[in-house]
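Visitor:
Residue numbers (this note's numbering): 29 to 188.
1) Rank 109, 157, 87, 106 by C-alpha distance to the C-alpha of residue 68 and give the top, closest one.
2) Grouping DSSP H, G and I as helix and E and B as strand, with all else coil, what is residue 148?
3) With residue 95 and residue 76 assumed to form a contact (beta carbons below 8 Å), what rounded beta-carbon distance in angstroms separates them?
4) Assign residue 174 to one of two classes, buried (16 or more other C-beta atoms within 10 Å of its C-beta) or exposed (fewer than that).
5) List the whole-angstrom C-beta distance separating residue 62 from residue 99, where the pair is believed to meet the contact cut-off of C-beta under 8 Å.
6) Taking the alpha carbon of residue 37 as the reference point, which residue from 171, 72, 151 has its own alpha carbon closest?
7) Flag this pair as touching only if the segment 102–110 and the segment 154–169 have three or more C-beta atom pairs under 8 Å; answer yes or no.
8) Return the residue from the list 119, 58, 124, 129 that minimises the CA-CA distance to residue 101.
9) Which runs of the alpha helix (DSSP H) fall wholly inside the segment 67–134 and span at least 4 residues, in chain order?
10) According to DSSP, simplified to helix, strand and coil, what is residue 188?
11) Of the residues 115, 148, 127, 151, which one's Cα is nearest the Cα of residue 166?
12) Residues in its own chain within less than 7 Å of residue 113 by CB, not counting five upstream and five downstream?
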């Protein structure tokens, strides 16, 4: 085992422990913003009549992209405000933990878009997305407070 690798891991763990309070503070506005975007997007879909399997994957992938960009901008603003690096080792670890599940969800959404509109199954895709998002939250929960892992399990159970 490389001594530098072990030292870097210890520094990351120490930094995560020191910043646990900061993560809790930073997550609240992020969760509120993304949740609000989701509720507004659901209302907008109803208002515009973009409901049903033919619209589901494309519309919600678009909402996910907008939400991800808004979240990145908010995280960057928080990092600048507190004089911290945006892409710090702890942030990198959390992103690396979540990325496989989120990438799988993106892939399933893109596969759904490739299906003929008459054969799309938005219920199945919703279940997959809930399960994969729950897995991503659970993975991120190893670097945050216990509640995130429990929330991840809740998403997985709802998706089943």
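Idealized CB from N, CA, C, for every residue including glycine. Since the structure is predicted, the reported quantities are computational estimates derived from the model, not experimental observations.
Guide: In short:
1) Just measuring C-alpha positions, the residue of 109, 157, 87, 106 sitting nearest residue 68 is 87.
2) Looking at residue 148 - three-state DSSP - the assignment turns out to be coil, as it is neither helix nor strand.
3) Actually they do not touch by this definition, with Cβ atoms about 18 Å apart.
4) Result: exposed.
5) Yes, they are in contact, since the Cβ atoms of residue 62 and residue 99 sit about 6 Å apart, within 8 Å.
6) Checking every option, the nearest Cα to that of residue 37 belongs to 171.
7) The segment 102–110, when compared against the segment 154–169, does not touch it at the 8 Å Cβ threshold.
8) Looking at the Cα atoms, 58 is the closest of the given residues.
9) Segments of the alpha helix (DSSP H) lying fully in the segment 67–134: 81–109.
10) Shown here, residue 188 sits in coil according to DSSP, grouped into three states, outside any helix or strand.
11) Considering only alpha carbons, the answer is 127.
12) So the qualifying residues of the chain are 107.
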